[in-house]
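What follows is a set of notes on a single structure, which appears directly below.
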């Protein structure tokens, strides 16, 4: 009986009017797109956050501490809802102030910015810990050679901290691919919502959700594989552990 | 800022808090109990049990909890009426409340994440201690229950705080299927009163307080465990 339902799978997942293959495929592409750009934005925030936390003034440090503490203590879903509405309202409020008509904020851009802001707090902590684990003597030696601050970072701190940071950053990437599903709650059609809509129309809930899970799982497993290779690359030249 | 809704809806929020705490406590306790055999199976089991346990952990950790909940509630839930004989005799199973699916989904999720940690903990117990236990003539069961398991659990406890907080922060996902947890109560308030931000801000504050309490409570528990450094 269950398998009788699963029989016309090729039809169910076909591209075109009858099947839902194209809807789910483009949903998956949107999910990866959200995850990728949110991750990049989060890394960008995290790099500034980490440097600010380590060498900023007392006020900057306090602001960053508040950012990472609050964002990491509140559920992602609640933050996404809050920032999504607050962000779109805030932009329209600003436009109103300067006498412009309100705009429809692009759902994709809003999703990326909101997820990226959340990711930034986690990235800050991962990068801060990784930078702190770089032996101080190496940085002092770089200073003694007369390297500029940027030169110190690019030639000494960055290559020395990447092996410490990659496992944490890999985790963050896996988290953001999974958190991209939360964007469905504000009504943006990525993989999870595309699946939900397709399942609602076709009534093939079980099969379609299984397919969506398989897509998420293949994204995760291939990412794990790629990050393992990346870690081997940044650890080249390091002595083998044990 | 409007807060006049708070007294009216306060009992509603308290009920939501209890549902959230039920999900958290049930899934952490039962999930941890499940995680021990799953973690152990990955270390010692036969090829079949080992790959099954490994596949379970990969599935749980590789897919979003949101879609896991939907697969159980909408997917598996939609299969029950199709099974002949079930409709007549087990109507309760078909009418099962969303909370049962949510409890199952959260428990399996916590078990999957925790089993991976238990696997590492079992592996990190020094081999010499296990060999010594065997040399004393302990049976495999005694080695596990007296030496291997207690040593592994002590290693896991410090990471448990983070895992439990992570689980707390996933609990709002329950509201995407009809469950009136804190998040569900909050979105009901927002729909009833048309107030957008205040209920969400209040919700964020509650979660921050819960996180703080859990951190403190586990910190206290950790200090009760004698360790030598």
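Residue numbers (my numbering), protein chains in the order written: chain A, 2 to 243; chain B, 254 to 482.
All residues carry an ideal CB built from backbone N, CA and C; glycine is no exception.
(message) Beta-carbon within less than 6 Å of residue 432 of chain B's beta-carbon, same chain only, minus the 5 sequence neighbours each way: which residues are those?
(response) 351, 352, 355
(request) Closer than 9 Å, Cβ to Cβ, to anything on chain B: give me those residues from the stretch 120 to 146 of chain A, in chain order. (result) none
(message) I need the boundaries of the alpha helix (DSSP H) containing residue 165 of chain A, first residue and last residue.
(response) 159 to 180
(request) Find the nearest neighbour of residue 331 of chain B within the set A:231, A:227, A:201, A:113, judged by alpha-carbon distance. (result) A:201
(message) Check whether the stretch 408 to 427 of chain B and the stretch 314 to 330 of chain B touch, using three or more Cβ-Cβ pairs below 8 Å as the test.
(response) yes
(request) May I ask you to report which of helix, strand or coil DSSP gives residue 451 of chain B? (result) helix
(message) With a threshold of 8 Å on Cβ separation, who are the neighbours of residue 478 of chain B within its own chain once the five nearest residues in sequence on each side are excluded?
(response) 407, 410
(request) Would you decide whether residue 4 of chain A is buried or exposed? Buried here means 16 or more other CB atoms lie within 10 Å of its CB. (result) For residue 4 of chain A, the predicted structure reports a pLDDT of 48, less than 50, and the residue's modelled location is therefore unreliable. A value from the coordinates is still provided. Its Cβ having fewer than 16 others within 10 Å, residue 4 of chain A is exposed.
(request) Identify whether residue 258 of chain B lies in helix, strand or coil by the three-state DSSP scheme. (result) helix
(request) Give me the Cα-Cα distance between residue 221 of chain A and residue 97 of chain A, rounded to the nearest whole angstrom. (result) 43 Å
(request) Below 8 Å on the Cβ atoms is my guess for residue 241 of chain B versus residue 472 of chain B; work out the distance and round it to an integer in Å. (result) Chain B is shown from 254 up to 482; residue 241 of chain B falls before or after that span and cannot be answered.
(message) Within a Cβ cutoff of 6 Å, which residues of the same chain sit near residue 310 of chain B, ignoring the five residues on either side of it in sequence?
(response) 365, 368, 369
(request) Name, please, each residue of chain B whose Cβ falls closer than 9 Å to the Cβ of residue 198 of chain A. (result) By Cβ distance, chain B contributes nothing, its closest Cβ being about 12 Å from residue 198 of chain A, past 9 Å.
(message) Which same chain residues end up closer than 6 Å to residue 65 of chain A when comparing Cβ atoms and leaving out the 5 residues on each side of it in sequence?
(response) 50, 53, 54
(request) Tell me whether residue 77 of chain A sits in a helix, a strand or coil according to DSSP, three-state version. (result) helix
(request) Return the residue from the list A:155, A:181, A:56 that minimises the CA-CA distance to residue 110 of chain A. (result) A:181
(request) Report the three-state DSSP secondary structure of residue 190 of chain A (helix, strand or coil). (result) coil
(message) Three Cβ pairs or more, each shorter than 8 Å: is that satisfied between the stretch 187 to 199 of chain A and the stretch 156 to 170 of chain A?
(response) no
(request) Taking only beta carbons into account, state which residues of the stretch 62 to 87 of chain A come closer than 8 Å to chain B, listed in chain order. (result) 71, 74, 75, 76, 77, 78, 79, 80, 82, 83, 86, 87
(request) Tell whether a beta-carbon distance below 8 Å holds between residue 453 of chain B and residue 99 of chain A. (result) no
(message) Along the stretch 303 to 322 of chain B, where does the CB come closer than 8 Å to a CB of chain A? Name the residues.
(response) 311, 312, 314, 315, 316, 317, 318, 319, 320, 321
(request) Could you tell me the distance, in whole angstroms, from the CA atom of residue 303 of chain B to the CA atom of residue 372 of chain B? (result) 11 Å
(request) Take residue 359 of chain B and list the residues in its own chain whose beta-carbon comes closer than 6 Å to its own, dropping the five residues that flank it on each side. (result) 276, 280
(message) Considering Cα atoms alone, identify which of A:58, A:46, A:203 is closest to residue 117 of chain A.
(response) A:46
(message) For residue 258 of chain B and residue 464 of chain B, what's the separation of their Cα atoms in angstroms?
(response) 25 Å
(request) Look at the alpha carbon of residue 290 of chain B and the alpha carbon of residue 150 of chain A, and state the distance between them as a whole number of angstroms. (result) 52 Å
(message) Below 7 Å on C-beta distance, what does residue 425 of chain B contact in chain A?
(response) 76, 78, 79
(request) Mark residue 179 of chain A as exposed unless 16 or more other C-beta atoms lie within 10 angstroms of its C-beta, in which case mark it buried. (result) buried
(message) By the three-class DSSP mapping on this structure, what secondary structure does residue 63 of chain A have?
(response) helix
(message) Please state the DSSP three-state secondary structure of residue 105 of chain A.
(response) coil
(message) Going residue by residue through the stretch 376 to 425 of chain B, where are the continuous alpha helix (DSSP H) segments of at least 4 residues, counting only ones entirely within it?
(response) 380 to 388, 402 to 423
(request) Determine whether the Cβ of residue 422 of chain B lies closer than 8 Å to any Cβ atom of chain A. (result) yes
(request) Starting from residue 329 of chain B, find everything on chain A with Cβ-Cβ shorter than 8 Å and list it in chain order. (result) 207
(message) So, under 8 Å CB-CB, residue 186 of chain A and residue 82 of chain A are touching, yes? Tell me the CB distance rounded to an integer number of Å.
(response) 7 Å
(request) Note down, in chain order, every chain A residue with its Cβ under 8 Å from the Cβ of residue 275 of chain B. (result) In chain order: nothing, as chain A lies at least about 17 Å away.
(message) Whole angstroms are fine: how far does the CA of residue 417 of chain B sit from the CA of residue 388 of chain B?
(response) 38 Å
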